[in-house]
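A short worksheet on the structure shown next.
In my numbering, the protein residues as written are 2 to 335.
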C-alpha cells in the first residue's frame, strides 16, 4: 500500500483555520488569567520529556496486556473498510470483546514538532486517524503523555499539545486546532514519520481547562470527528455538531459534574453525545487512562473507535452500562 494514497487530505481544510488559530493565540495569551484550581498531575502522572524521531527517536511504549475484562480475538490489521457496513472506516487492531484501559497491541514511538509531542504506532497499517489532547491549568503538555501512548498503541496518532501553564480555554482551543493543522503539514512532508499516513480524520480531547477547550474547538470546527472532555471546565455545548463524550468525577469539587451536565444539555439533540459521571473520581483522576478505575480510558477509547475511526465493532461496548456506580446519559443508539 503506497503512502501517496493517503496524502490526499493533508491540506483539505485548515489553511484558514490555522491563521485564525494563530490570531486567537495572540489574543488569548494577552488576556489570560489564572482560574482557581490546581490541576497539577497526580503522583503517578507521566511527566517525561520528549524526543525527536528525526534524530534517533525513542521507543514510546511497549504494547500492553488487555484488562481482564477486555479480551480480544484475531490478529492485527485487516485493512480499512471491513469494520463498518459502508466501508468508510479505519479498522485497526484485533476484534474487541470488551472495553480496555490498557495499552493496545501496537508498538509506538514519538517525536516533537512545534505544537507538541506526536505519539504514533510503528507497526500498524496506515491510514490513521489523529487526536490532539491538552491538559489543564498549570499543565504544559507532558502530563498527558500516557494518553498519547495509549491511543497510539491502539492505532490512533495522538499529539499532546504544548500549552502555557495559565492558558485559558480559548487559547488552548486555538492550540488544539493549530496542532491539527501541523499534523496535516506532517502528512504532506516527505521528511516526517507520518508522511502520507493520516486519513484526514481528526478529533480533540482535553482535561479541565483543556476539556473546556475541546468543546470550544468542536464548536468552531464542525469538521472534527470527536470531542472528549475529561473533567471539562468552562466548556460550551451550544451549536456543537461534533460527537462529544464528557467524563466527570462525582468527587470533583473543581470541575463538578454539574459543569459537564450543563455542556451536555446545551449540545443539540441531533449531535451524538454521552456523559459518564464516575464515583470516587476527583479532579486529579485523569492523567492516565487507567485512573478513575479505568472507566475514563475504556469509554474514551471506545468513543474514538466508533466516531473517530468509524469502527462499528466497538459500538456494543461503548453502549454497555459502565457499572460500579457510574451514571451514564446518552442519545447514542445501536
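A virtual CB, placed ideally from N, CA and C, is assigned to each residue, including glycine.
Nearest-angstrom Cα separation, counted from residue j out to residue i
{"i": "residue 324", "j": "residue 294", "result": "11 Å"}
{"i": "residue 186", "j": "residue 118", "result": "15 Å"}
{"i": "residue 95", "j": "residue 267", "result": "36 Å"}
{"i": "residue 297", "j": "residue 196", "result": "31 Å"}
{"i": "residue 321", "j": "residue 329", "result": "10 Å"}
{"i": "residue 158", "j": "residue 111", "result": "10 Å"}
{"i": "residue 263", "j": "residue 282", "result": "19 Å"}
Residue burial classification, residue i (beta-carbon count within 10 angstroms, cutoff 16)
{"i": "residue 335", "result": "exposed"}
{"i": "residue 327", "result": "buried"}
{"i": "residue 345", "result": "Outside the modelled stretch of the chain, which goes from 2 to 335, sits residue 345, for which no answer is possible."}
{"i": "residue 254", "result": "exposed"}
{"i": "residue 156", "result": "buried"}
{"i": "residue 83", "result": "exposed"}
{"i": "residue 115", "result": "exposed"}
{"i": "residue 72", "result": "Confidence is the limiting factor: at residue 72 the pLDDT is only 36, short of 50, which leaves the residue's position unreliable and the question unanswerable from this model."}
Residue i: CB within 8 Å of a non-hydrogen atom of the ligand FAD
{"i": "residue 195", "result": "What this structure holds is no ligand at all, so the ligand FAD is not there to describe."}
CB contact flag (residue i, residue j, <9 Å)
{"i": "residue 231", "j": "residue 209", "result": "yes"}
{"i": "residue 277", "j": "residue 300", "result": "yes"}
{"i": "residue 166", "j": "residue 138", "result": "yes"}
{"i": "residue 247", "j": "residue 261", "result": "yes"}
{"i": "residue 211", "j": "residue 140", "result": "yes"}
{"i": "residue 161", "j": "residue 136", "result": "yes"}
{"i": "residue 206", "j": "residue 134", "result": "yes"}
{"i": "residue 107", "j": "residue 89", "result": "no"}
{"i": "residue 288", "j": "residue 303", "result": "no"}
{"i": "residue 109", "j": "residue 122", "result": "yes"}
N- and C-terminal bounds of the beta strand (DSSP E) containing residue i
{"i": "residue 204", "result": "199–208"}
{"i": "residue 90", "result": "From DSSP, residue 90 is part of no beta strand (DSSP E); its letter is neither H nor E."}
Endpoints, alpha helix (DSSP H) assigned at residue i
{"i": "residue 86", "result": "Unbroken run through residue 86: none, as it is neither H nor E."}
{"i": "residue 228", "result": "It is not in any alpha helix (DSSP H) - residue 228 instead sits in the beta strand (DSSP E) that spans 227–231."}
{"i": "residue 319", "result": "316–319"}
Minimum Cβ-Cβ distance from residue i to chain B less than 9 Å
{"i": "residue 313", "result": "Looking for chain B here will not work: only one protein chain is present."}
* Meets three-Cβ-pair contact criterion under 8 Å: the stretch 163–173 and the stretch 85–103 -> no
* Asked: With a cut-off of 8 Å, do at least 3 Cβ pairs link the stretch 189–202 to the stretch 258–274?
  -> no
* Spell out a yes or no on whether the stretch 144–155 and the stretch 217–227 are touching, meaning 3 or more CB-CB pairs, one atom from each, closer than 8 Å. => As far as the Cβ criterion goes, the stretch 144–155 does not touch the stretch 217–227, which means the pair count is below three.
* **At least 3 beta-carbon pairs within less than 8 Å: the stretch 173–182 vs the stretch 236–244** => no
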